[in-house]
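Numbering (our numbering), first residue to last: 21 to 110.
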């Protein structure tokens, strides 16, 4: 009986996060360089937007490199114009 109860309780928990609880992230549109904040990427627009990083020196958003390349390569975490480290939020 104890094992059955544990199995039932394990299936009841939920780890999903409501959209309204997610933090806003800044994205930059390919081609136009328009920036917008989203909690969740609109369906069907994943190819149009790249997450953006902020350069505090030139005060511009830069597109985040794709995948985990920006975590593996420190050179990709600096502004291409000023060589200043990029941040997620200004």
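Idealized CB from N, CA, C, for every residue including glycine.
Checklist entry - Taking the C-alpha atoms as reference points, what is the distance between residue 102 and residue 82? => result If you take the alpha carbons of residue 102 and residue 82, they lie about 12 Å apart.
Checklist entry - Around the C-beta of residue 61, are 16 or more other C-beta atoms found within 10 angstroms, so that it is buried, or is it exposed? => result Taking a 10 Å sphere around the C-beta of residue 61, we find fewer than 16 other C-beta atoms and assign the residue as exposed.
Item to check | Simplified DSSP state of residue 63, which is helix, strand or coil | outcome: Residue 63: coil per DSSP, three-state reduction.
Item to check | Buried or exposed (CB count within 10 angstroms, at least 16 for buried), residue 75 | outcome: Under this definition residue 75 is a buried residue.
Checklist entry - Is it buried or exposed for residue 106, if we count other Cβ within 10 angstroms and need 16 for buried? => result Per the 10 Å Cβ criterion, buried.
Item to check | C-alpha distance - residue 77 paired with residue 87, whole-angstrom precision | outcome: Straight-line spacing of the CA atoms in residue 77 and residue 87 works out to 25 Å.
Item to check | Residues near residue 56 by beta carbon distance below 8 Å, same chain, minus five either side | outcome: Around residue 56: 46, 47, 49 and 69.
Checklist entry - Is DSSP giving residue 97 helix, strand or coil here? => result Of the three classes helix, strand and coil, the one that applies to residue 97 here is helix, per DSSP.
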